[in-house]
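Engineer: In this note's numbering, the protein residues as written are 646 to 809. Note that CB positions come from ideal geometry on N, CA and C, so glycine has one too. Quick caveat: nothing in here was measured; it's all calculated off a predicted structure.
What follows is the structure, encoded as structure tokens:
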């Protein structure tokens, strides 16, 4: 989690959201090659769980710029001590928090309000042939999602097979 440090005065504030040198000093991948936006009209929209397979694995910085999301990271790194474990964090436009998602993690979110927008900074260009995913409700992971009256999920995200 990245919490921007605000320099505030009577006008408002200024905050740095990215610094290559600071990322490198903490062993994080500072490469940003592509930026993307996901706009979601309705509360309950679920996108995920997505990742890019080698050789185009992604590191991502994710920030909610409008509305709010329940954001989930899932460790898919074979041999990791946290393999198949997940963590969820609420990202809101108001908090301005930024989530760092390393290579080897699947990522997804569910919107918590209408008109939610998510901004991504991504380390490598998108390669559709390497796009992969795992099912959002796969019992192998046991991800706990917020309840949603009218959850909206793409057919592609519904069709992922069990992880096994």
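Applying the 10 Å Cβ sphere with the 16-neighbour rule, what's the burial state of residue 750?
Structural biologist: Buried: at least 16 other Cβ atoms inside 10 Å.
Engineer: Give the range of the alpha helix (DSSP H) segment to which residue 801 is assigned.
Structural biologist: Where residue 801 is concerned, the enclosing alpha helix (DSSP H) stretches over 800-803.
Engineer: Let me check one thing: in DSSP terms, what residues is residue 711 bridge-paired to?
Structural biologist: DSSP output for residue 711 lists 762 as bridge partner(s).
Engineer: With residue 666 as the anchor, note down where its beta strand (DSSP E) starts and where it stops.
Structural biologist: Here residue 666 belongs to no beta strand (DSSP E); instead the alpha helix (DSSP H) covers 665-670.
Engineer: Assuming the contact rule is C-beta atoms closer than 8 Å, residue 712 and residue 648 should be a hit. Round their C-beta distance to whole Å, please.
Structural biologist: In fact, because the Cβ distance is near 19 Å, the residues do not count as touching under 8 Å.
Engineer: Does the region 667-681 come into contact with the region 751-771, if we say contact requires no fewer than three beta-carbon pairs (one atom in each stretch) closer than 8 Å?
Structural biologist: Result yes; three or more Cβ-Cβ pairs closer than 8 Å.
Engineer: What separation, rounded to the nearest whole angstrom, lies between the Cα atoms of residue 772 and residue 656?
Structural biologist: Taking the straight line joining both Cα atoms gives about 42 Å.
Engineer: Helix, strand or coil for residue 648 per DSSP?
Structural biologist: DSSP places residue 648 in coil when its eight states are reduced to three.
Engineer: Got a sec, what are the start and stop residues for the beta strand (DSSP E) residue 755 sits in?
Structural biologist: Unbroken beta strand (DSSP E) run through residue 755: 750-756.
Engineer: Do residue 752 and residue 743 have their CB atoms nearer than 8 Å?
Structural biologist: No, these two residues do not count as a Cβ contact at 8 Å.
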